[in-house]
Amino acid sequence: MNHEPPADRNTALHPTRLIAYGVAHEPPADRNTALHPTRLIAYGVALAALALALAPISIPTGLAKVSPTQHFINVISGALIGPWWGLAVALVTSLLRNALGLGTPLAFPGSVFGVVLAGLAFRYSRNIYLTALGEVIGTGLIGATVGALMVAPYLMGKTLALGALIIPFLLSSLSGAVLGVIGLRVLQQLGYLQR
Numbered sequence: 010m011n012h013e014p015p016a017d018r019n020t021a022l023h024p025t026r027l028i029a030y031g032v033a034h035e036p037p038a039d040r041n042t043a044l045h046p047t048r049l050i051a052y053g054v055a056l057a058a059l060a061l062a063l064a065p066i067s068i069p070t071g072l073a074k075v076s077p078t079q080h081f082i083n084v085i086s087g088a089l090i091g092p093w094w095g096l097a098v099a100l101v102t103s104l105l106r107n108a109l110g111l112g113t114p115l116a117f118p119g120s121v122f123g124v125v126l127a128g129l130a131f132r133y134s135r136n137i138y139l140t141a142l143g144e145v146i147g148t149g150l151i152g153a154t155v156g157a158l159m160v161a162p163y164l165m166g167k168t169l170a171l172g173a174l175i176i177p178f179l180l181s182s183l184s185g186a187v188l189g190v191i192g193l194r195v196l197q198q199l200g201y202l203q204r
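Counting in this note's numbering, the sequence shown runs from 10 upward without gaps.
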């Protein structure tokens, strides 16, 4: 597929087209066809940069800063570049968020499990709603549990009740997953995702 903007100026400036030219790709001919590694790296860098740019949009909840935009990027990453490249995006974003003071160590369990489950759900089902559900389960349940039982006590020196993280992580991942579904629907309608 040609990634040049259309000749028609009005079509070229349509916001959904601009987003699609920035991070989307032509879907492979079949499910087993891999994207070129250079393209995967480019998408990963673009998605990590977008996640970092959106990182200031967070809600402080005690020890955690819940970030629905990270979960939005996780859903998009899982579908566009798969679970393992999506994991790399989540790790890089979490590391940079912590380095810049935009996150806490809870950003790691709050992103890595969700993107892997979202990516695996999309890989095997091609269903955007199951992809979003993978993000919510991975972050809201698994990530919160790991954060409360391992990250908070050992890396942050704080003891947290499991419920203290599950509720904010579930709310954050659910709102981000809804945004991710909207983004994936747009990409699907533009023909960038296989149904």
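Backbone N, C-alpha and C fix where the C-beta goes; we use that ideal spot for every residue, glycine too. In this text, all values refer to a predicted model and were calculated from it rather than measured experimentally.
Where residue i falls: helix, strand or coil (DSSP)
i, result
"residue 31", "With a pLDDT of 47 at residue 31, under the threshold of 50, the modelled position of this residue cannot be trusted, and the question is left open."
"residue 113", "coil"
"residue 21", "The pLDDT assigned to residue 21 is 45, lower than 50, so where the model puts this residue is not dependable, and the model offers no usable value."
"residue 79", "helix"
"residue 148", "helix"
"residue 202", "coil"
"residue 159", "helix"
"residue 168", "coil"
"residue 42", "Note that residue 42 scores 46 on pLDDT, short of 50, meaning its location in the model is unreliable and no value can be drawn from it."
Residue i, enclosing beta strand (DSSP E) - first and last residue
i, result
"residue 68", "68-70"
Local Cβ density within 10 Å of residue i, reported as buried at 16 or more and exposed below that
i, result
"residue 5", "Here the chain comprises residues numbered 10 to 204, so residue 5 is not present and cannot be evaluated."
"residue 120", "buried"
"residue 109", "exposed"
"residue 118", "buried"
"residue 152", "buried"
"residue 189", "buried"
"residue 134", "exposed"
"residue 192", "buried"
"residue 198", "exposed"
"residue 80", "buried"
"residue 164", "exposed"
"residue 200", "exposed"
Member of the options whose CA lies at the smallest distance from the CA of residue i
i, options, result
"residue 176", "66, 70, 47, 62", "70"
"residue 113", "129, 122, 137, 76", "76"
"residue 169", "157, 180, 95, 178", "157"
"residue 155", "178, 133, 135", "178"
"residue 48", "91, 132, 80, 68", "91"
"residue 148", "46, 96, 65", "96"
"residue 67", "194, 181, 139, 159", "181"
"residue 194", "137, 183, 185", "137"
"residue 129", "161, 93, 99", "93"
"residue 202", "183, 185, 132, 184", "132"
Extent of the continuous alpha helix (DSSP H) run through residue i
i, result
"residue 176", "171-198"
"residue 92", "91-108"
"residue 46", "46-63"
"residue 120", "118-134"
"residue 145", "137-145"
Distance cut-off 7 angstroms: residue i Cβ against heavy atoms of the ligand MN
i, result
"residue 197", "The ligand MN is not part of the structure shown, which contains no ligands of any sort."
query = Given 8 angstroms as the limit, is there contact between the stretch 97-115 and the stretch 136-143, that is, 3 or more CB pairs closer than that?
reply = Verdict: no, contact absent.
task = May I ask you to verify whether the stretch 47-60 touches the stretch 86-102, counting CB pairs closer than 8 angstroms and requiring at least 3?
result = Yes, the stretch 47-60 touches the stretch 86-102.
ask   = Any contact of the stretch 54-68 with the stretch 121-133, i.e. 3+ C-beta pairs under 8 angstroms?
value = Pairwise C-beta distances place the stretch 54-68 out of contact with the stretch 121-133, as fewer than three of them are shorter than 8 angstroms.
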